[in-house]
Amino acid sequence: MREVSFGQYYPSRSFVHRLDPRTKILFLIVYIAAIFTADTFWALGACALVFLAVVIFSGVPLTSLLKSVKGVLFLLLFTAVLNLFFYAGDEGAQPLFQWGIIEIWEGGVIFTAFLIVRLMLLVLGSAVLTLTTTPVSLTDGIESLLTPLKWVKFPVHELALIMSIALRFIPILTDETSRIMNAQKARGADFETGGLFKRVKAVVPVLIPLLISAFRRADELGDAMDARCYSGSKVRTKYKKLSFGWRDILAWLVGAALLAGVILLRIYLPAVL
Amino acid sequence: MQAIRFENVRFSYDASDAQTSAAEDFSSVGRFALDGVDFSVEEGEFVAVLGHNGSGKSTLARLTNGLLSPTEGKITVFDMDAADSKNLFEIRKSVGIVFQNPDNQTVASIVEDDVAFGPENIGLEREEIGARIAFALGAVGMEEFRHATPSRLSGGQKQRIAIAGVLALKPRIIILDEATAMLDPRGRKEVMEVVQRLNREENITVLFITHFPEEAMLADRAIVMHEGKIVMQGKPFEVLCEEEKLKKYSLSLPAPIKLCRALKKGGLEIEDTLSPQALAENIASATVRAGQVDENFIPARSLPLITDDQSGAVLARGVRYIYNERSPFETHALNGVDLEIKSGEFFGIIGYTGSGKSTFVQHLNALIKLPTAEKKYRPKKRKKGEAELPETVLKVAGYDLTDKNTDFKSVRKSVGMVFQYPEYQLFAETVFADVAFGLKNFSDTPLTEAETAAAVKEALETVGLDYERVKDRSPFELSGGQKRRVAIAGVIVTKPRILVLDEPAAGLDPLGKTEIMKLLHRIHGDWCKTVIVVSHDMDEIAENCTRAAIFSGGKVLAAGTPKQLFGNDAITAQAGLDIPYTAKVSLELLKRGIAIDSDYTRAEFTRGVLRAAKARGAKEGEADA
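So this is what it looks like as structure tokens:
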């Protein structure tokens, strides 16, 4: 199914979409730092406010955003609820609820609520990055941010090329997988029923042709790259240059204000925990 | 100035450190892939290289730009020694290669980034790279796709991007290594036009390796290779008219020349020609003497038995399909397909990528199920004001595919499906195990070893392979054509009543194509009542099918016999398709007042032309008397 774009990119030309990928990556880092610095509901509220603003300026519908983290959300709620039961209890206070060995404390409820809000903001915030940035520009951004590592002989360029080729071949190999699966289904292969062992065995007729094809493709791609004068990074230049615009400056200011605000709140307000 | 010069070059994959190339047949191991090649190409020349698989064509290409180095002899490219590693960079800059598979030569997910790859590698400045991208994309006519994603382009467009990627290095020689083999006729035409223009306008030397004689005709010179040697050389037209020699080198005459020869055999004085206009003119002006023309050497066409029996029939009414419903990527692939195929037909399905033909074909064996056939299907309430869709009908091989209670495993057993490039789905350790895979999956009770062996043997022999010789070999050691046969055997082994094949001849040379079509006729009738072939090749459809359907925009635009579909080019033009060669000549003849009654197979067309000539000869004879 070649029409499905992989990853979660949501096509649009919104404010957030047009930010430089480096800005978005750095902003996410600052945002995560702010969430972990926050130790009051007030501070978390500030983070949530910034998050909401970003969502509004990204043009991504809230439903798409929630759908994109559906899987993680379940895991998150599960851990949070466990916390509710394992809260050790406060001294000099009565549990809110008691049944057998299960005790629920007021502190536990607050702690759990805090944890849920914190993790939700974390997961949803990261999702906004992948929803608004194409994998290609994400790769460009990462490569650019890692450039200083070249000084310690870290193969930044090779890493970026590997990532870019991987991205390029994902749709091709997805296509190929579904084609091979269909071909084997047409020959009576059954991927949907049976126990674990049977299912693992059923994958073999798909995996082997897929591996062979991937190696063949790699081989041919290698030749095509050689033929186009690829010889490592020595003389290589780069055509695409990322550049910051007024949107990026605005984003940096918001990021800086958020981090500063959260630090101030941490100093002047007592912690919840 | 000489662009390329080979002096007594020999090359063996064993002797070099390079691994055996995937492009070469395994049988080439242990001998010279090139065995004493001497030739040169002048700057600005357009040279076509022909030869069947394993003849050394690809090796020639790889040696020229230093991907391989010769075991013996000397190769010079613009006075540079290709074996000298000091020159490697310069040689690769001046010699660009475009390979066969368009998917396997792009490195980036955005067109301009991919075209930039070469210039980046040689360390050009940003501004210069930008200029090179503009130049290269302009030269192949793809400027508007600068920011597109290669995986969403058509085969022909992808290949033009690959050419642009090579052009951005400003090469003086471009080698196309079977670069059109995997494309549909439209894509092939696109690429050929680009290459001819580059040769003419940019004075780029072209070495064009191909299977298609029609393409070789466009070159200044044709070279035929056989077992690592150059065996024929000369003007393409002259080279490609030498029937005896071509046969010796496992090549065949271009189809139009075959037609001329058949007419000559029937007694018409016809010169060999390629263009339909010239042929029509020749036929119209040929003098006919009474008693000279005779069409009886053409065997009568045996038509398949078509019956009303349901077990090999397909009936579709209002079949719709939407990919990724209710998402930004929603696509309406089928918009109400109506089609009837009778038991016993050899049916053709024609249409370009995106016409819905592949989606429809996958409905036939329930790889794609209709919504009503899904287990969890509940009838939806219609919203107010929403138009009621006509009821969907899909009956295949006697099964109702709209019903969720249908036994879909039996459907898949009754409807065999051979996908495009089926050799890529082989997986087992031996040919035997691979062919037996479907047999085991579909049998309700475990088969005895003798039963399995008998069925596998029959299937392998039907596809023309020697059971004893291949059964224990790994399918991956076989040649391309043999692999395809094994894959087809793996589908027909369960004796499906309907066999569907998606582009069964794709990527094969003309001889391989004819053989695969012969094979399908052998299977048709004895093994499978009905054969359905998806194809881009109008000549193939006219030559083989009883009826065909043209798909366009997720619907059947027209269905009928080749005679009905190709009688005028209005229908095919609407779907952006070509018409068969014989139909083109018929139209040209009609313009000259000669009506030919034929079904557009080459044999029947020849018979029609000869009959018309005979009638004319008789009339002229009377007038003389």
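First to last, the protein sequences are chains A and B. Going by this note's numbering, the residue at position 201 of the first sequence is 220; the numbering climbs one at a time, nothing skipped. Going by this note's numbering, the residue at position 314 of the second sequence is 345; the numbering climbs one at a time, nothing skipped. The beta carbon of each residue, even a glycine, is placed where N, CA and C say it ideally should be.
With burial defined as no fewer than 16 other Cβ atoms inside 10 Å of the residue's Cβ, what is the status of residue i: buried or exposed?
i: leucine 230 of chain A; result: exposed
i: serine 59 of chain B; result: Reliability fails at serine 59 of chain B, whose pLDDT of 44 lies under 50, so the model's placement of it is uncertain and the value that follows must be treated cautiously. Per the 10 Å Cβ criterion, buried.
i: glutamate 116 of chain B; result: In the sequence as presented, glutamate is not what sits at residue 116 of chain B; that position holds serine. Exposed, because fewer than 16 other Cβ atoms sit within 10 Å of the Cβ of serine 116 of chain B.
i: tyrosine 287 of chain A; result: exposed
i: alanine 54 of chain B; result: The pLDDT assigned to alanine 54 of chain B is 43, lower than 50, so where the model puts this residue is not dependable; a value taken from the coordinates is nonetheless given after this. Its Cβ being crowded by 16 or more others within 10 Å, alanine 54 of chain B is buried.
i: lysine 650 of chain B; result: exposed
i: methionine 548 of chain B; result: buried
i: phenylalanine 57 of chain B; result: Summary for phenylalanine 57 of chain B: the model assigns pLDDT 45, below 50, so the residue's position carries little reliability; its value from the coordinates is reported in the next sentence. With fewer than 16 Cβ atoms within 10 Å of its Cβ, phenylalanine 57 of chain B is classed as exposed.
i: glycine 213 of chain A; result: exposed
i: leucine 491 of chain B; result: buried
i: lysine 544 of chain B; result: buried
i: phenylalanine 263 of chain A; result: exposed
i: isoleucine 48 of chain A; result: exposed
i: glutamate 499 of chain B; result: exposed
i: tryptophan 558 of chain B; result: buried
i: valine 23 of chain A; result: The predicted position of valine 23 of chain A is uncertain, since its pLDDT is 37 and thus under 50; no value can be drawn from it.
i: phenylalanine 97 of chain A; result: exposed
i: alanine 185 of chain A; result: exposed
DSSP three-state call for residue i: helix, strand or coil?
i: alanine 286 of chain B; result: helix
i: glycine 75 of chain B; result: coil
i: tyrosine 430 of chain B; result: strand
i: serine 441 of chain B; result: helix
i: arginine 292 of chain B; result: helix
i: leucine 346 of chain B; result: strand
i: cysteine 559 of chain B; result: strand
i: aspartate 242 of chain A; result: helix
i: isoleucine 235 of chain B; result: coil
i: aspartate 194 of chain A; result: helix
i: phenylalanine 377 of chain B; result: strand
i: lysine 407 of chain B; result: coil
i: tyrosine 249 of chain A; result: coil
i: phenylalanine 37 of chain B; result: strand
i: serine 617 of chain B; result: helix
i: glutamine 264 of chain B; result: strand
i: leucine 641 of chain B; result: helix
i: tryptophan 124 of chain A; result: coil
i: threonine 42 of chain A; result: helix
i: leucine 532 of chain B; result: strand
Using beta-carbon positions only, say whether residue i and residue j come within less than 8 Å of one another.
i: threonine 56 of chain A; j: valine 273 of chain A; result: no
i: aspartate 339 of chain B; j: glutamine 451 of chain B; result: no
i: glycine 196 of chain B; j: methionine 213 of chain B; result: no
i: isoleucine 268 of chain A; j: leucine 141 of chain A; result: no
i: leucine 115 of chain A; j: tryptophan 124 of chain A; result: yes
i: phenylalanine 582 of chain B; j: leucine 588 of chain B; result: yes
i: lysine 130 of chain B; j: alanine 64 of chain B; result: Just to set this straight, residue 130 of chain B is phenylalanine in the shown sequence, not lysine. No.
i: phenylalanine 104 of chain A; j: isoleucine 121 of chain A; result: yes
i: asparagine 84 of chain B; j: aspartate 540 of chain B; result: yes
i: valine 78 of chain B; j: valine 40 of chain B; result: no
i: valine 522 of chain B; j: methionine 448 of chain B; result: yes
i: valine 345 of chain B; j: leucine 370 of chain B; result: yes
i: proline 224 of chain A; j: tyrosine 455 of chain B; result: no
i: threonine 152 of chain A; j: proline 30 of chain A; result: no
i: isoleucine 288 of chain B; j: aspartate 303 of chain B; result: yes
i: threonine 632 of chain B; j: glutamate 574 of chain B; result: yes
Exercise. Between the stretch 356-372 of chain B and the stretch 328-336 of chain B, do three or more beta carbon pairs fall short of 8 Å?
Worked result: no
For this session: Could you name the residues of the stretch 242-264 of chain A whose beta carbon sits closer than 8 Å to any beta carbon of chain B, in the order they occur along the chain?
Result: Asp242, Ala243, Met244, Asp245, Ala246, Arg247, Cys248, Tyr249, Ser250, Val254, Arg255, Thr256, Lys257, Tyr258, Lys259 and Lys260
For this session: Could you say if the stretch 271-281 of chain B and the stretch 112-129 of chain B meet the contact criterion of at least three C-beta pairs nearer than 8 Å?
Result: no
Exercise. Going along the chain, which residues of the stretch 26-53 of chain A sit with their C-beta nearer than 9 Å to a C-beta in chain B?
Worked result: Tyr29 and Pro30
For this session: Give, in chain order, every residue of the stretch 199-216 of chain A whose Cβ lies closer than 8 Å to some Cβ of chain B.
Result: Ile199, Asn201, Ala202, Gln203, Lys204, Ala205, Arg206, Gly207, Ala208 and Asp209
Problem set entry | Contacting positions in the stretch 156-168 of chain B - beta carbon closer than 8 Å to chain A | Glu156, Arg157, Ile160, Gly161 and Ile164
Exercise. When you check each C-beta in the stretch 468-491 of chain B against every C-beta of chain A, which residues fall closer than 7 Å?
Worked result: Phe468, Gly469, Asn472 and Phe473
For this session: Answer yes if the stretch 161-179 of chain B comes into contact with the stretch 140-152 of chain B, meaning at least three C-beta pairs across the two stretches below 8 Å, and no otherwise.
Result: yes
Exercise. Quick one, which residues of the stretch 500-527 of chain B are near chain A if we go by CB-CB under 8 Å, in chain order?
Worked result: Phe507, Gly521, Val522 and Thr525
Exercise. Pairing CB atoms from the stretch 154-165 of chain A with CB atoms from the stretch 179-192 of chain A, are three or more of them under 8 Å?
Worked result: yes
Exercise. Closer than 7 Å, Cβ to any Cβ of chain B: which residues of the stretch 150-171 of chain A, in chain order?
Worked result: Val155
For this session: Could you tell me whether the stretch 251-262 of chain A touches the stretch 233-241 of chain A, using the rule of 3 or more Cβ pairs below 8 Å?
Result: no
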